[in-house]
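There are 2 protein chains.
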Amino acid sequence: MTDERVVAVWRDGAAVRVPADQPVVTAFDLGLGRGDGVFESIAVVGAGAPHLPAHLARLARSAELLELSDVGETVWRALVDSVLAGWDPGTDGVIRLFLTRGLGQGLPPTALAVLSPVPAEVVRQRTDGISVITLGLGVPADFRSHAPWLLGGAKTLSYAVNMAALRHAAARGADDVIFTSLEGQILEGPTSTVVWSADGVLHTPPLETGILPGTTMARLFARAADAGRPTAVTPGTVDDLRAADAVWLVSGVRAAATVHTLDGVPRGDGGLSASVRELLAR
Amino acid sequence: MTDERVVAVWRDGAAVRVPADQPVVTAFDLGLGRGDGVFESIAVVGAGAPHLPAHLARLARSAELLELSDVGETVWRALVDSVLAGWDPGTDGVIRLFLTRGLGQGLPPTALAVLSPVPAEVVRQRTDGISVITLGLGVPADFRSHAPWLLGGAKTLSYAVNMAALRHAAARGADDVIFTSLEGQILEGPTSTVVWSADGVLHTPPLETGILPGTTMARLFARAADAGRPTAVTPGTVDDLRAADAVWLVSGVRAAATVHTLDGVPRGDGGLSASVRELLAR
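Respectively, the protein sequence lines represent chains A and B. Numbering of the first sequence is given in numbering that gives the first Met the number 0, commencing with residue 0 and proceeding in unit increments. Numbering of the second sequence is given in numbering that gives the first Met the number 0, commencing with residue 0 and proceeding in unit increments.
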């Protein structure tokens, strides 16, 4: 099993591998000082990144929302190839791509890729499921679609609130969080998309709420549709989750993690998790 | 005039000066990848940082809100002394102190200081005043005080929304922004505190709204009180700003910048800006 962390930076027109403990970003990089940049987390299976295109498309869209110049697909693929070179195909990993505004003032952005093994805790959650609490973001569900400065839909490096929410959950003995709107509508997890099953239909909240377009959710819904299984974009509430047959937090690295406890109340999955995972594994 | 940027990092128990273009943070630092850290911006005048204690106190409070271990005053003072060494007393500067969660998992935080000259545009705004637009944050004024995961009151490295708001203002021909709550209450600027004068009283919004405790505002209000000038913490609205005798955005580096235009409407300062600046300059 590989336990190394791998880093590649874009420098002088080439992807350059650097040791994981070597500093790569200066003190004036706006990605560090202002969280001013975007990122993606991409699952690595069998030393490959099969879903890279969907992540590159979302990265480009996030960059556009931040008026940040993207380095383009060729650069990202070179960085991905660089970190994957020599990776043990038997180790599940996660690649993170970072794009920052660099030094600003129209100077080139900073682009880099890191690859590390999937943490053991995440592997456990794939199998055992997760306990989740709901936390309010305080924003009405329809607000962010009319307030582009709030960067709804962009996966930015400014994740301090997402991390604080996860710490808050851990302090209450839970594994993860579902953010809700001011009215109690379901939004998303700090690092995942919410999917629930009710009356045989797979549901997920609308993008107009300002949530990220989930790449794994999109793959799941496309495959469900191919398999003749109905899907719907639904503005759901926490009550809808309580009444649902099953609830999952869906993301690239953890796939569909079954919510076995919601706000302290144990819940089942109606035996549906196996078929959802099977759709994602195809 | 000094035009160099200066950097010092805390490494092996000492403040170490490094060239400004030398990378100082690794790709796995959570300050970079998650905006998971806090910072302060501190005015440098005459090669000194006279208001350092108030900023160190706020940094410690921000770190506490993020459950981040602070490196302590001795370390910060060593970093500040390091970047100030050799600085031209004739050049106004700004020190930024960064504290990140480092590699996480209980490993030591990352602490560093940078010093750079105050940008010419900021110097211009001190004298000429600023055009400001109001933008909604979408959150009710009383929400964040009951939702600690939203990190109200903490000056975090996750400033992507603050930066996006400033770009939004620039695209509309304005210099700066005042954020408002869902109900239209005045909150703060992306990098400043709002202060207005009405009926001879200096007003600023309550901290319970989740805004940062402004160090320069606090100094201004203390000196105003000493001078027998009344001050008040007031939950104001945009209408209150329109009706005010004067409005300022107050911060360490820009001091009290007079708002000469609010949402496109020119406004005066009732001749009050000189006395406010005089209070801050004492």
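Built from N, CA and C at the ideal position, the CB exists for glycine as well.
Beta-carbon separation (whole angstroms), residue i vs residue j, contact threshold 8 Å
i	j	result
L278/A	A223/A	6 Å
G30/B	R100/B	7 Å
G209/A	L149/B	Wrong, their Cβ atoms sit about 15 Å apart, outside the cutoff.
V131/B	I177/B	6 Å
A19/B	V6/B	5 Å
V17/B	V24/B	So it is not a contact: roughly 11 Å between Cβ atoms.
G180/B	P139/B	The displayed chain sequence assigns Ser, not Gly, to residue 180/B. S180/B to P139/B, Cβ: 6 Å. Contact.
L78/B	A46/B	Their Cβ separation, rounded to whole angstroms, is 15 Å, which puts L78/B and A46/B out of contact at 8 Å.
N161/A	T133/A	About 15 Å separates the two Cβ atoms, so there is no contact after all.
D244/A	L219/A	No, D244/A and L219/A are not in contact; Cβ-Cβ is about 16 Å, not under 8 Å.
S81/A	A14/A	4 Å
D175/B	L248/B	6 Å
S157/B	S157/A	3 Å
I185/B	G267/B	Actually they are not in contact, since the Cβ atoms of I185/B and G267/B sit about 19 Å apart, beyond 8 Å.
D91/A	V44/A	6 Å
Range of the contiguous beta strand (DSSP E) that encloses residue i
i	result
D175/B	D175 to T179
P282/B	Not covered by the structure: residue 282/B. The range shown for chain B is 0 to 281.
T109/A	T109 to P116
E283/B	For residue 283/B there is no data in the structure shown, the boundaries of chain B being 0 and 281.
V24/B	Where V24/B is concerned, there is no enclosing beta strand (DSSP E), given that its DSSP letter is neither H nor E.
V252/B	Where V252/B is concerned, there is no enclosing beta strand (DSSP E), given that its DSSP letter is neither H nor E.
A153/A	From DSSP, A153/A is part of no beta strand (DSSP E); its letter is neither H nor E.
A282/B	The question about residue 282/B has no answer, for chain B in this structure spans 0 to 281.
S196/B	T192 to A197
A13/A	A13 to V17
T203/A	V200 to T203
W9/A	V5 to R10
V232/A	T230 to V232
Boundaries of the alpha helix (DSSP H) in which residue i is found, first to last residue
i	result
R276/A	S272 to A280
F220/A	T214 to D225
V74/A	E72 to L83
H145/B	Where H145/B is concerned, there is no enclosing alpha helix (DSSP H), given that its DSSP letter is neither H nor E.
G288/A	Because residue 288/A is not part of the residues shown, which for chain A are 0 to 281, the question remains open.
G135/A	No alpha helix (DSSP H) holds G135/A; the beta strand (DSSP E) holding it covers I129 to G135.
R33/B	L29 to R33
A163/A	A159 to A170
Buried or exposed (CB count within 10 angstroms, at least 16 for buried), residue i
i	result
P204/A	buried
H54/B	buried
D28/B	buried
R10/B	exposed
P116/A	buried
H202/B	buried
E66/A	exposed
A48/A	buried
A273/A	exposed
E120/B	exposed
Q21/B	exposed
E187/B	buried
P108/B	buried
V93/B	buried
R171/B	exposed
V246/B	buried
L106/A	exposed
E39/B	buried
Q104/B	exposed
G263/A	exposed
G34/B	buried
G12/A	exposed
A146/B	buried
Contact with chain E by residue i, beta-carbon distance below 8 Å
i	result
R222/B	The chain inventory of the structure shown lacks chain E, comprising the protein chains A and B.
Taking a Cβ distance cut-off of 7 Å, strictly less, list which residues of the region 4-34 of chain A are near chain B, in chain order. Near chain B, meaning a CB-to-CB distance below 7 Å, the residues of the region 4-34 of chain A are R4, V6, A19, D20, Q21, P22, V23, V24, T25, A26, F27, G30, L31, G32, R33 and G34.
Contact between the region 239-258 of chain A and the region 182-195 of chain A (3+ Cβ pairs under 8 Å): Contact holds: three or more Cβ-Cβ distances are below 8 Å.
Got a sec: which bits of the region 155-172 of chain A sit with their beta carbon under 7 Å from any beta carbon on chain B, in order along the chain? Listed in sequence order: T155, L156, S157, Y158, A159, V160, M162, A163, A164, R166 and H167.
Compile a chain-ordered list of the residues in the region 135-150 of chain A whose CB is closer than 8 Å to at least one CB of chain B. Cβ contacts with chain B: G135, L136, G137, V138, P139, F142, R143, A146, P147, W148, L149 and L150.
Select from the region 95-115 of chain B all residues with a C-beta closer than 7 Å to any C-beta belonging to chain A, and list them in chain order. Within the region 95-115 of chain B, R95, F97, L111 and V113 place their CB atoms closer than 7 Å to a CB of chain A, listed in sequence order.
Residues of the region 55-74 of chain A with Cβ closer than 9 Å to any Cβ of chain B, in chain order: Correct list: L64, L65 and E66.
Determine which residues of the region 37-56 of chain A have a Cβ less than 8 Å from any Cβ of chain B, and write them out in chain order. Residues passing the 8 Å Cβ filter: F38.
Is the region 123-134 of chain B touching the region 243-256 of chain B, taking contact as three or more C-beta pairs under 8 Å? At 8 Å Cβ cutoff, the stretches touch.
Okay, do the region 150-169 of chain A and the region 264-281 of chain A touch, 3+ Cβ pairs below 8 Å being the bar? Segments in contact, no.
Inspect the CB distances between the region 51-71 of chain A and the region 81-98 of chain A and report whether three or more fall short of 8 Å. As far as the Cβ criterion goes, the region 51-71 of chain A touches the region 81-98 of chain A, which means the pair count is three or higher.
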